[in-house]
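Structure record follows, encoded as C-alpha cells.
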Amino acid sequence: MTDVQPAETSREPGSRPLWRSLLTHALLIAFSFAMLYPILWMLSASFRPTEEIFSSTSLIPSQLRVESYPEGWFGLRVSFGQFFANSMVIAVLSVIGNVVACSLAAFAFARLQFPWKNFWFALMLGTLMLPYHVTLIPQYVLFLNLGWVDTILPLVVPKFMATDAFFIFLMVQFFRGIPKELDEAARMDGCSPFRIYWKIILPLSLPVLATAAIFSFLWTWDDFFGPLIYLNSMQDYTVQLGLRSFIDATGQSNWSGLFAMSILSLLPVFLLFIFFQRLLIDGIATTGMK
Amino acid sequence: MSSQSDPPAYSAAAAAPLVMRNGPRARLTRMLGPSGAAYVFLFPWLAGFLILTAGPALYSLYLSFTDYDLITPPRWAGMDNYVRIATNDPTFQDAVRVTLTFVLLSVPLKLAVALGVAMLLNRGLRGLTIYRAIFYLPSLLGTSVAIAVLWRQLFAADGLINNLLLGVGIQGPSWISSPDTALYTLVILAVWQFGSPMIIFLAGLRQIPADIYEAARMDGASKSRQFWRITLPMLTPVVFFNAIVQTIDAFKAFTPAFIISGGTGGPINSTLFYTLYLYQEAFGFFRMGYASALAWILLIMIALFTAFSFLTARYWVHYDD
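Respectively, the protein sequence lines represent chains X and H. For the first sequence, UniProt numbering assigns the number 1 to the initial residue and increments by one for each residue that follows. For the second sequence, UniProt numbering assigns the number 1 to the initial residue and increments by one for each residue that follows.
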C-alpha cells in the first residue's frame, strides 16, 4: 500500500519534522508490542515447564521444552489429531458449500430477471440482521428429528443452502461490477445462464470467491457454539471443543499442554492471515466483516 | 472502497470459446424459461431460507408461547414465559445488566481506540501495512477458544497481568474470579480486538479530501478543531456503520464468557452474557419454550437498538448530499 504516502506529503509539505514521525513510530511499535505480547507470551509458555508459566513474564523460556506438544496432543482420550481432522473436514466442506450456494444465489440476484426478485432480495438482506438465536431451537429440533445431532451434518448442510447470507451480499456487490456487455454478448451467441455463470462470472470473480472462502474457513474453524450444541461424542469434537475439554479434564494442572494445543489451534488462522492478508483486509475495508 | 472498484482482469480471449448454441443446458434453459432458470440458481438459498430461517423463526415465535422440553410435545402456555421474564426472573435481569454493561463499555472504547490508531496510521507513515496487519491480528484470532484460554490465564490470580503488576510492587486481585472485575476482563478482550473497525476507519479517513484540511489550516484552525469540525463529521457514516456492526456483535458475544467462566456465567452471574443465559436455559435445562422467548426478546432488543440508531442518524450522521 504505497498509495497513502503521496497524499499526506502533499497535504503537509515539509511541515512534519523527523522527530515527530520517529515519535509516532516509537509509539506504534510500543503499542504493537503490547498488543502482541500476550500471544507471544503464550507461544513461549507452551515451551516452558508448567511450574515456570506462573512465575515468568519474559518471552524467552529458560529451557526449550517441546514435550508439552506431545503431552497436549495425547492429553485426552481422543488425540488432537482427530480433532484437527474433524475441524478440517467441517471447515473445508463449509467453504465449498458457501462458495457454491452463495455464488449461485448471488448470480441470480445480480444478473437474472425473475418475478419477486426484489422481494427475495429484501428478505435475504433481512436475514443478515437476524440473530441466529431466533432460529436456533427449531433448527435443533429439526436436526434432532432427522437424527443428525452428533454428526457434522447440522454444521455443514446449512452452508450448502447459503444460510450465510452475508456472502451472497458480498458476491452480489462484486458481480454487479462485472460489465454486463460480457453476458449480453454471450447470450446473443446462445449461451445459457448456466454457462454464463460458469464461464464468465465465476472466472472473473476469483477475488471475491477467495475472500468468501477464507472468511468461511476462519469462521468455521473458530466456531465454538455450533459444535458445542451439535457434537456430543469426543470422537467427533472439533479443535475448539477439544480445547474446552482439555480445560475441564486437566484443570489447572497442565497449562503448558493446554497452551501448546492452543497455539496449534491458532496456526491455520495465522497461516491464512500471513498468506491472504491483503484479501482479508480489503474484504473488511469494503464490507465491514469481522 | 478499494478492491471492488478495481476492474476485473478479463480478456477477449477468455470470452471467445463460450459460444455453444445447442448444449444440453441451453435446451434446459429454453424449457424452463428465463425466470425458471433464475429459480434454479436461487433454489439452494430459497430452500435454506424457507427450511432453516423463515420456518424456524416462525416456529420459535410459536414455541415462545409454550412449555417445551424436547420430549413431550409443546404445551401452550400463553404469555406465561414473557410474564415470568418481565416480572419474576432475577437471572434474566442479571443477564440483561451484564450484556448492556458489556455493550455500553466495550463498543465505545473499541471504536475510540480504533479511530485513534487509524488516525495515527493515516499520517503517511512508512510500514503502514505492517502496523495495520499487527493491529488486525487480534480481531482475527479473537473469537477462538485459544484466546479465551489465554485470557483466563492472563487475568488469573497468579496470571501474567498480576506478575507484571508485582514487578512494580502492586498485588493485583484475582480478576477472573472476582464478580467486581470479571466482566471488565471481557471488555478488555473486546477492545483488544479493535482491528476490524480500525481498518474501516482507515478506509474512511482516506476518503476525506486533503484540500478541506488545507483550507482549514489556511484559516488557522488548530489540530483539535480540525478533528472535531472536519474529521469526525466527515467520518460519521463510518462511525455509524461500525457502531451498528460492533453493537450487534457485542449483543451476541458468547465464547469468551463461556470459556472464562467455565460455562457458568459466574462468579455470581457477573459474566452471564445474554446468549450464555439463553444457552443454559435451552441446552442445560431444556426449557426450549422459555429460551425461545429469550431469543425473541434478544431480537427485539437488537431491532430496537438498530431502529433507534437509524432514527437518530439524521441528527448526527453527515452525508455528502
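The beta carbon of each residue, even a glycine, is placed where N, CA and C say it ideally should be.
Secondary structure at R75 of chain H, three-state DSSP: helix, strand or coil? strand
Which bits of chain X does Y39 of chain H rub up against, with CB to CB less than 7 Å? F114
Can you tell me the Cα-Cα spacing of A106 of chain X and D80 of chain H, whole angstroms? 42 Å
Beta-carbon of M171 of chain X versus every beta-carbon of chain H: anything under 8 Å? No, M171 of chain X does not count as interfacial toward chain H.
Which term fits residue 324 of chain H, buried or exposed, when burial requires 16 or more other beta carbons within 10 angstroms of its beta carbon? Chain H is shown only over 1 to 321; residue 324 of chain H falls outside these bounds and no answer can be derived.
How would you label G204 of chain H, buried or exposed, when you count the other beta carbons within 10 angstroms and need 16 or more for buried? buried
To which residues does DSSP link D69 of chain H through a beta bridge? BP columns for D69 of chain H are empty, so no partner.
Take the Cβ of W76 of chain H as the centre, count every other Cβ of all protein chains shown within 10 Å, and call the residue buried at 16 or more, exposed below. exposed
Going along the chain, which unbroken runs of the beta strand (DSSP E) with 3 or more residues stay wholly within the stretch 136–180 of chain X? For the stretch 136–180 of chain X, not a single whole beta strand (DSSP E) run of length 3 or above is found.
Please go through the same chain and pick out, in chain order, the residues whose beta-carbon is closer than 6 Å to the beta-carbon of I178 of chain X, but skip the five residues on each side of it. Within the same chain, and ignoring the five residues on either side of I178 of chain X in sequence, the residues whose Cβ sits closer than 6 Å to its Cβ are L204.
How would you write the range of the alpha helix (DSSP H) that I134 of chain H sits in, first residue to last? 128–141
Report buried or exposed for E214 of chain H, applying the criterion of at least 16 other Cβ atoms within 10 angstroms of its Cβ. E214 of chain H comes out exposed.
Alpha carbon to alpha carbon, what distance is there between L128 of chain X and P193 of chain X? 27 Å
Pick helix, strand or coil for N122 of chain H, following the three-state DSSP scheme. coil
With 8 Å as the limit, tell me which residues of the stretch 144–177 of chain X have their beta carbon closer than that to any beta carbon of chain H; keep them in chain order. L144, P158, F160, M161, A162, T163, A165, I168, Q173, F174, G177
Using a Cβ-based criterion (distance less than 7 Å to any ligand heavy atom), does L112 of chain X qualify as near the ligand HEM? Ligands displayed in this structure: none; no statement on the ligand HEM is therefore possible.
Taking the Cβ atom as the reference point for each residue, do I90 of chain X and T238 of chain X lie within a distance shorter than 8 Å? yes
Report the neighbours of Q277 of chain X on chain H: residues whose CB is nearer than 7 Å to its CB, in chain order. For Q277 of chain X, the neighbours in chain H by C-beta distance under 7 Å run, in chain order, A133.
Any beta carbon of chain X sitting closer than 8 Å to that of I199 of chain H? yes
Closer than 7 Å by C-beta to residue 352 of chain H: which residues in its own chain qualify, once you throw out the five before and the five after it? Chain order, please. It is not possible to answer for residue 352 of chain H, since the shown part of chain H is limited to 1 through 321.
Run through chain H and tell me which residues come within less than 9 Å of F224 of chain X, C-beta to C-beta. T143, S144, V145, A148, F254, T255, F258, I259
If you drop the 5 nearest sequence neighbours on each side, which residues of the same chain put their C-beta closer than 6 Å to that of F276 of chain X? I214
Given a cut-off of 8 Å, decide if L258 of chain X and G81 of chain X are closer than it, judged by their beta-carbon atoms. no
Comparing alpha-carbon positions, which option in X:V66, X:S32, X:S21, X:F114 lies nearest F43 of chain H? X:F114
Give the C-beta separation of A182 of chain H and T271 of chain H to the nearest angstrom, bearing in mind that I take them to be a contact with Cβ-Cβ under 8 Å. 5 Å
Option nearest M288 of chain H by Cα separation, candidates H:T312, H:A253, H:P73, H:Y315: H:P73
If the criterion is Cβ atoms closer than 8 Å, does the pair V95 of chain X and S216 of chain X meet it? yes
Short of 8 Å Cβ to Cβ, which residues in the stretch 16–39 of chain X face chain H? Flagged, chain order: R16, S21, T24, H25, L27, L28, F31, S32, M35, L36, P38, I39.
Interface flag, A105 of chain X vs chain H, CB-CB below 8 Å: yes
In whole angstroms, what separates the C-alpha of K159 of chain X from that of I152 of chain X? 12 Å
Per the contact definition of three or more C-beta pairs closer than 8 Å, is the stretch 230–243 of chain H in contact with the stretch 172–182 of chain H? no
Answer yes or no: does any C-beta atom of chain X fall closer than 8 Å to that of T247 of chain H? Residue-level contact by beta carbon fails for T247 of chain H and chain X, as no gap is shorter than 8 Å.
Got a sec: is the Cβ-Cβ distance from L276 of chain H to anything in chain X below 8 Å? No, no contact with chain X.
Please state the DSSP three-state secondary structure of T247 of chain H. It is helical.
Are the CB atoms of S32 of chain X and L125 of chain H within a distance shorter than 8 Å? no
Determine the chain H residues that contact V92 of chain X at a beta-carbon separation under 8 Å, and present them in chain order. Per Cβ cutoff of 8 Å: no residues; V92 of chain X is ~18 Å from chain H at best.
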